[in-house]
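Under my numbering, residues -8 to 819 are what the sequence shown spells out, in order. Think of the CB as a built atom: it goes at the ideal place given N, C-alpha and C, for glycine as much as any other residue. Predicted, not measured: the structure shown is a model, and the values here were computed from it. Below: one structure, written as structure tokens.
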Amino acid sequence: MRAEGGAGKTSLVASWFEQAAGDDVSQLWLSVDESIRSRASFLHAVVQAVSAQVEQRDGSPLHTYLAGAAGPSHVPALLVEELALASTRARLVIDDLHLLDRSAQEDLVWVLDHAPGLQLVVTTRVPTLLEEPVTAARLGVSVIDSDDMAFTRSELSELAHGLSHGFTDREVRELHEVTHGNVLAARIALSALGASRSRPTTVAARRRLVNELGAIAAQNLMPVFHDQNELEAALRIALIPEVDVALARELTGDPNVENTLARFLRDGVGVSRGSVRHPVFSFHALVAKALVERATEVLPPDAVHTARLTAVRHLAAHGDPVDVIRLLVDANEDDRVWPYFARQYSELSIHRGEEVIRILEALPDERFTRSGTLAIVLAIMLSERETKLSDRLLHLVRIGLARIAEAKADTGSPGRLLLDVARFAGLRAARRYVEASDAGAQLIEQLSTLPASVRRDAESMTNAALVQIVIVDELSGRMRTALAHSDRLVNDAHPGRVQHAMALRAGAQAVLGLMHDSRRSIDSMGESGTEAWRTSIPSAGWHVARAVQALETGDGVAAVEECRRTESDLPLSEHWPTMLWARGLARLVDGHAALGADELAIGIDRHRGRTLSARSASRLTAIRADLAIASGAFATALRHIEAGPAGPELELTRARFELSRQQPEKAVQTLGAIEQSVGAEPRLYSELLVLSAAAHSRLHHDVDAREQFERALAIMHENGLASPLSKIARSEVVALLAAVGAPEDLAPRRDPFAATSPGEYLSDRERVVLSHLAGGDSIPDIAGRLYVSVNTVKTQVKSIYRKLEVSSREDAVRAGRRRGLLDDCLHR
């Protein structure tokens, strides 16, 4: 139904909707307004409408989304699955389709294409995607326009005579002439003329009055009410986004308020949603706006405030959480927003963030200055959509943290706990990962000291925060702490949080090198990892774990493919450094270092300006330098090592670089300085021992080399690791395996660090001669530059050929470059 505003679209559909209720069809009504015009908000509203009619069960398609295991982009396919499983056909009415973003309309068309049992009726003011020729022909769209919906004279006469104002037939005829049968204009005119003490006697005067009063009434969009009592009931009800009969009765004091609601429905000024057993009423958005404006003008302020808090009390347990937040904000109860928001965080952050932002962004700054926790709420919601933090977000966090620091609450009290959760959330929103991790640890310690009765209630609020604590633990590089904290979520009642926690746990275990544990974590998730969930942001740890599992078993192709599946989520995921690290490691171990270096450089550049912790930066810089070493770009590797942040990963790479430069003594010193700091991380510790074994072997410390290598093999076997053996030249691995009596088939298939193979050392003078050979100098030229005889240079060239196992200048230069003996930075 396409027609201008006020043409009666909604009234007509509402009447038909009520008459068709007896059909063997599930009927759903959805009114589009500013709060659900975006694709994500609209799809969420559709899911809620369908869920109200369809019995939800674990494993049902829509349950996947409601549990937080699927994002908005998966809703269309999930809806088609749900409708296919339903026992009855479905009829969906969408009021004001024209307000929807085009992407949401495209989703709607896709669902119609794939769900033949779905009947759709829409109202709109302008042509939509449904009326585009190809779509309309394919779907069989029929259009009813404003001419079809306008009042005929007889219909208008029937409406006029149904009122108590005594309209004459002539007045009705003239009224139809002026309004052209437009439903809203006709009703406005009837109301205005009926309330007029002396009606104009001429057609022109009546038309002028109708036009003037119609314009005013249309601007205010006030419906026609039967009496003052009905108007006052409407004003009180409109203060609340949606009401059931019990709440409407409490707001109005009318024991028969259900009759009033029924009249509102018949008049087309509102809709009924919810289930058959528990219907809820709401005015159409524009009507509600007009009524709220009038209510705040004519009702006493105390009455308005009381009505909103009554609704909060009624809706807090099972109502729409966005409605509750809106009511609290409208009631100026800013400090009550945070306790409610903290308990509803999972749903609000996953599905309703844009709606919360719209509510809070409309507030003046002094509201946030006055209530620090309200500033934190908005900062949290903004952080969910910002990859690079805005000045606005950081300002909100500063305000919030300052006010929280000033707040007074007894240590160990629920009030203190709420403030501490808000402080953690503010640090988390600002991506101050290390500080947030510290605050999270203090929060968990505080929670454990609460009395059991208080702790049970507090945990319902802090479990959502606990997932975030695990995340910041990982992002700050505290993987062991993250594992300890994730243990507390195993028995959480929220399935989405448990799944997210297990994915985080699996990823942390893989990064640490606890591959057997990581595999058990993945297996414990069973079949709950649906395809929809696997392409969502919370699945990042799961993908990291699977990628690392693949590379540890020698399947680099599968590892890279697993990382590639996360590319669409990388722009939003804070785990992007770990994802890039996993992909770089996969390329390195699989022998594609140059490709891996290029991919990593592009990935880092794409995320330039985003926040990452020092530990994440160390891990990323280390894999970048390793890829450079394996590619023979030793000068590039040295730049990364020297410019990178301190961290054990980068120190291991430094030792590997020193081995490539034939400096095993320095490598031993470097490794010794960090041995204590990596003892709890099997991946790093086994790599350290492998490097140490190689360095001692080159120094002919055979006993130390065997001891270090045997310890490395034991740790790798205990934890399911193989990649540490790829971190030195394969020839050295084979020699060390033989030295400890281990089978040669443990050696890696690829040899990414072949360029670091020791061979025989070149003396400093031989390396200088090699650099001149690479520069194209002749033997006499070299002799002249070095002030030695030609024969001396010839002897040195023969020695170089022998040590590099080559027989020509070209081969010597290639071998020298491969071993890093010709880096420009080393010969200036």
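Item, Value
"Proximity below 8 Å, CB of ALA492 to CB of VAL463", "no"
"Whole-angstrom distance between PRO291 and ASN323, CA atom to CA atom", "15 Å"
"Cβ-based neighbour list, SER477, same chain, cut-off 7 Å, excluding 5 preceding and 5 following", "VAL461, ALA492, LEU495 and ARG496"
"Chain-order list of residues whose beta-carbon lies under 8 Å from that of VAL289 (same chain, five-residue window excluded)", "LEU226"
"Extent of the continuous beta strand (DSSP E) to which LEU111 belongs", "109 to 113"
"Beta-carbon proximity check, ALA616 vs HIS631, cutoff 8 Å", "yes"
"SER564 - DSSP class collapsed to helix/strand/coil", "coil"
"Three-state class that DSSP yields for PRO270 in the structure shown", "strand"
"Buried versus exposed call for TYR778 [16 or more other C-beta atoms within 10 Å across all chains shown]", "exposed"
"Neighbour-count burial assignment, ASP382, 16 or more Cβ in a 10 Å radius", "exposed"
"For ALA421, three-class secondary structure by DSSP", "coil"
"For ASP448, the three-state DSSP class (helix, strand or coil)", "helix"
"contact_flag[the stretch 310 to 324, the stretch 405 to 419] where n(CB pairs < 8 Å) is 3 or more", "no"
"Of the listed residues LEU813, ARG334, ASP293 and GLU73, nearest to ASP311 (C-alpha basis)", "ARG334"
"Residues near PHE158 in its chain [Cβ-Cβ closer than 6 Å; skip 5 each side]", "ALA151"
"Same chain only: Cβ atoms within 7 Å of TRP572, ignoring 5 sequence neighbours per side", "ARG610, LEU611 and ILE614"
"Whole runs of the alpha helix (DSSP H) within the stretch 566 to 629, excluding any shorter than 4 residues", "567 to 580, 584 to 597 and 605 to 621"
"PHE8 to GLN18 span [Cα, whole Å]", "8 Å"
"Simplified DSSP state of ARG394, which is helix, strand or coil", "helix"
"Proximity winner among GLU146, GLY594, LEU181 and GLY732, relative to GLU162 (alpha-carbon distances)", "LEU181"
"Buried or exposed (CB count within 10 angstroms, at least 16 for buried), GLY468", "buried"
"C-beta contact flag for HIS65 and ALA531 at 8 Å", "no"
"Residues near SER22 by beta carbon distance below 7 Å, same chain, minus five either side", "ASP86, ASP87, VAL262, HIS275 and ALA276"
"Span separating the alpha-carbon of ASP24 from that of THR1", "14 Å"
"Strand pairing of GLN10, partner residues [DSSP]", "GLN10 pairs with nothing; no bridge assigned."
"C-alpha distance - PRO355 paired with ARG361, whole-angstrom precision", "11 Å"
"Where LEU83 falls: helix, strand or coil (DSSP)", "strand"
"Between the CA atoms of LEU111 and LEU130 - distance to the nearest angstrom", "10 Å"
"Where the beta strand (DSSP E) through LEU19 begins and ends", "16 to 22"
"Residue range of the alpha helix (DSSP H) that includes GLY498", "486 to 503"
"Pick from PHE255, GLU221, PRO232 and ALA253 that is closest to GLY244, judged by C-alpha positions", "GLU221"
"Cβ-based burial, GLU397 [other Cβ within 10 Å; buried from 16]", "exposed"
"Residues that VAL315 bridges to, as DSSP identifies them", "Paired residue(s): none; VAL315 is not in a bridge."
"Of the residues THR644, LEU761, LEU99 and ASP596, the one placed nearest TRP567, counting alpha carbons only", "ASP596"
"Residue environment, HIS708, which counts as buried when at least 16 other CB atoms sit within 10 Å", "exposed"
"Span of the beta strand (DSSP E) around SER263", "261 to 265"
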